[in-house]
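Here is the structure we will look at, set down as structure tokens.
Protein chains in written order, with the numbering used here: chain A, 310 to 379; chain B, 662 to 911.
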């Protein structure tokens with residue numbers, strides 16, 4: 310079985326299917342970049358989500374809620 | 662090899678990666694990967710994304726368990742953005758998540774559905790009453806969220822699926838069937854279609870030139886459904902029938 314590109318294996322934390330491992334390194338790298346981009350967007354969206362949620366928490370409790378959630 | 666717009670698995674992969682249709686070119690290099698491998702890859706990517714922020718969702722889920730369901734529902738709707746609610750719901754017990762869903766409005770449940778991985782909450786989805794499933798499905802169809810609906814079809818109850826199919830028009834059914842995540846339910850869908858919906862579906866294929874979608878549907882349904890399509894096509898006006906007969910083998 311061909312070895313997956315290290316960056317793809319690292320972001321998936323497992324080997325992708327064999328047909329994906331057989332793709333050119335540049336394609337696998339592009340896929341890993343797309344996954345990393347999705348992770349960054351998700352983290353940013355979640356950060357915005359947490360901040361939006363916190364706005365509904367009484368001011369006096371925000372610090373402790375933030376400490377628990379983040 | 663199919664193009665990215667003609668390959669439902671690449672479209673679904675793009676959805677998981679949050680790519681807009683014009684960004685799907687980033688996946689062109691995967692066009693030759695077999696569909697089962699693309700499904701495995703999509704599951705692996707979904708898992709990687711979930712794992713990346715899991716500790717945050719787990720804390721929100723723990724917090725939401727600490728308050729009564731009615732209060733949690735109010736807080737969820739008014740304070741919890743859909744992405745956060747979706748990830749949190751995937752970590753709640755099915756009973757608790759189901760109770761929450763019952764108390765939330767359709768539009769909010771649709772927002773959460775878009776951000777959810779249905780495979781992660783099968784019991785919650787299967788437990789949603791049929792008429793509620795249909796209302797949310799209609800809302801998702803109004804937003805043209807075909808991939809989202811196609812993913813949920815794998816998990817909804819038989820009654821929920823039948824109620825949803827009754828609510829869709831022919832074009833919607835054609836677009837959803839193309840990106841269905843569980844093709845084994847296609848015959849269940851086809852059996853629930855009325856003749857009027859079959860006629861609409863054929864008209865929509867011609868009107869919008871959805872040849873790839875129609876060909877995929879016909880290739881994946883069983884013989885009796887294919888016979889029904891053939892009979893409706895034979896009875897269709899020439900303006901609908903002729904372009905289909907030229908573009909798709911029935």
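Ideal Cβ placement from N, Cα and C applies to all residues, glycine included.
Sequence-distant partners of residue 778/B (beyond 5 residues in either direction) whose C-beta falls short of 6 Å from its own C-beta, in its chain, are 707.
Against residue 358/A, the close residues of chain B are 742, 744, 745, in the order they occur along the chain (beta-carbon pairs closer than 7 Å). By the C-beta density criterion, residue 855/B is exposed, having fewer than 16 other C-beta atoms within 10 angstroms.
Against chain A, the CB of residue 855/B has no partner CB under 8 Å away; the residue lies outside that interface. Residues 311 of the same chain have their beta carbon placed closer than 6 Å to that of residue 331/A, with the five preceding and five following residues left out of the count.
According to the DSSP assignment, residue 685/B belongs to no alpha helix (DSSP H), since it is labelled neither H nor E. When the five nearest sequence neighbours on each side are left out, the beta carbons in the same chain lying within less than 6 Å of the beta carbon of residue 771/B are those of 797, 800, 801, in order along the chain.
Proximity of residue 713/B to chain A, defined by a Cβ-Cβ separation below 8 Å, is satisfied. Going by beta carbons, residue 879/B and residue 909/B fall inside the 8 Å limit. Collapsing the DSSP output to three states places residue 708/B in a helix. For residue 695/B, a Cβ of chain A is located within less than 8 Å of the residue's own Cβ. Exclusion of the five residues before and after residue 719/B leaves 752 as the residues of its chain whose Cβ lies within less than 7 Å of its Cβ. Residue 819/B is classed as exposed because its beta carbon has fewer than 16 other beta carbons within 10 Å across all chains shown. Within a 10 Å sphere around the beta-carbon of residue 743/B sit 16 or more other beta-carbons, which makes this residue buried.
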